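Chains as they are written, first to last, in my numbering: chain A, 10 to 148; chain B, 10 to 148. Backbone N, C-alpha and C define an ideal beta-carbon position, used for all residues, glycine too. Computed from a predicted structure; not experimentally measured.
Protein chains: 2
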Amino acid sequence: MDAQYFKDLLHSRKLKATGHRINLLVLMDQYKSAMPYSSIQEAMTSMDRVTLYRTLESLKEKGIIHKAFQENNESYYAICGAECDTHDHHHDHIHFKCTSCETVTCQTTTQKVQVTLPGNEIHKVSIHVEGVCQTCVAN
Amino acid sequence: MDAQYFKDLLHSRKLKATGHRINLLVLMDQYKSAMPYSSIQEAMTSMDRVTLYRTLESLKEKGIIHKAFQENNESYYAICGAECDTHDHHHDHIHFKCTSCETVTCQTTTQKVQVTLPGNEIHKVSIHVEGVCQTCVAN
DNA sequence: AACTTAATGCATCATTGTTGCATTATCATT
DNA sequence: AATGATAATGCAACAATGATGCATTAAGTT
Ligand SMILES: [Mn+2]
Ligand SMILES: [Mn+2]
Ligand SMILES: [Zn+2]
Ligand SMILES: [Zn+2]
């Protein structure tokens, strides 16, 4: 996924393909795991803090990125999969945080987690898992 | 659960039973559902903001209350069940947020939600559900 | 009643979220 | 390629919450 890919993606979502947006998306893509807000900010010092805020908002709005909330209220951002678009975010995946390396990853599971709460209408289920990741377990 | 109950509870956890702490716990107890931080602050204007912050921290530390994080980074606080103590928080319950009345409730489910992530060590699973609560569905 | 120590209040700073407004850059149209 | 419409940006400004240091006060013990 290079700059041109994101440029086209932005256009397809009716967003202008500005340098900032492309830089941000390339950065997030290279980061591999979900990127903590603080790291994004450190890496994007060229753009104003408010612009970064609004950029993240609009990319989220258009289904290009999504936010993974963590305990202690830290926000992580990750690029959405192909199933997300302007109208719908589809995130039935799990967010896993390694307490050793602090990495947050999006985990697509084969098994479907079933939650029922009798009497209540369920619209959205988000699952946060904490533990030690494969890499850290090995060390 | 009256003031005396909380006074004893605080003592049993090696915390001084101050007026602020007892007031806070009685308040949270009467609130029934998990209480949003903003509401707690509004109700506890008699105590300094920093003291409230430190009070919530120490009550959490000692297993008397717990924090329910929500998307958009709002924090809700609820009194722990009998299973929590100074050394362990046991929260394998679900936090359900009604998008209609904004209420967050702790839901103890009979069914055990099973999550497996091959290769990773799982220490903690927290499940956040959004939807419409029983009361709001009826209206 | 006196003492010890935790708890509190106040000052202060940091981070993140959020809005308004003037300026600039992107993109479509000529 | 120049022009114009409009989205995107930068800057100022304010709010909410988290967090620490230090002097004062209150709780619990003797
Ligand atoms: Mn994700
Ligand atoms: Mn709970
Ligand atoms: Zn790890
Ligand atoms: Zn409701």
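Spatial neighbours of residue i in its chain, beta-carbon cut-off 8 Å, leaving aside the 5 residues before and after
i      : result
I31/B  : A12, F15, K16, L19
A52/B  : L36
I152/B : In this structure chain B extends from 10 to 148, so residue 152/B is not present and cannot be described.
S47/B  : E83
C93/B  : G72, I73, H75, H99, H100
Buried/exposed call for residue i, threshold 16 Cβ in 10 Å
i      : result
P45/A  : buried
H100/A : buried
L64/A  : Looking at the sequence provided, one finds Thr at residue 64/A rather than Leu. Buried is the call here.
N129/B : buried
S21/B  : exposed
K71/A  : buried
H96/B  : exposed
Q1/B   : Within the shown structure, residues of chain B are numbered from 10 to 148, placing residue 1/B beyond reach of any answer.
Any chain B beta carbon closer than 8 Å to residue i
i      : result
G5/A   : No answer is possible for residue 5/A: it lies beyond the span of chain A, which begins at 10 and ends at 148.
S135/A : yes
C142/A : yes
V59/A  : no
N148/A : no
V138/A : yes
G90/A  : no
E111/A : no
Residue nearest to residue i in terms of C-alpha spacing, selected from the options
i      : options                       : result
Q116/B : V122/B, F105/B, S109/B        : F105/B
T119/A : Q120/B, V124/B, T119/B        : V124/B
I88/B  : N81/B, T114/B, N129/B, G128/B : T114/B
G131/B : C107/A, K133/A, L61/A, T54/A  : Residue identity check: residue 131/B is Ile in the sequence provided, not Gly. Comparing Cα-Cα distances from I131/B to each of C107/A, K133/A, L61/A, T54/A, the minimum goes to C107/A.
M10/B  : A91/B, V146/B, V134/B, N148/B : A91/B
L61/B  : C142/B, L126/B, Y85/B, L33/B  : L33/B
A147/B : L126/B, E139/B, S109/B        : S109/B
A26/B  : Q79/B, C142/B, L68/B          : L68/B
E66/B  : Y40/B, T54/B, L24/B           : L24/B
E139/A : Y85/B, K133/B, Y86/B          : K133/B
C142/A : V141/B, C142/B, L126/B        : L126/B
Cβ shell of residue i (< 6 Å), same chain only, five flanking positions each side left out
i      : result
T144/A : none
E80/B  : none
Residues near residue i in its chain [Cβ-Cβ closer than 7 Å; skip 5 each side]
i     : result
S42/B : T112, V113, T114
D38/B : M10, I88
H29/B : M56, T60, T64
F78/B : S84
Residue i at chain A interface by Cβ criterion, 8 Å
i     : result
S55/B : no
E66/B : no
E80/B : yes
S84/B : yes
Among all residues, which have a Cβ less than 7 Å from at least one non-hydrogen atom of ligand 2, and in what chain order do they fall? Result: A43/B, H75/B, A77/B, A87/B, H100/B, H102/B, H104/B, C115/B.
Beta-carbon distances below 7 Å to any heavy atom of ligand 3 define the shell here; list its residues in chain order, please. Those residues that have a beta carbon less than 7 Å away from any non-hydrogen atom of ligand 3 are, in order along the chain, C107/A, S109/A, C110/A, T112/A, V141/A, C142/A, T144/A, C145/A.
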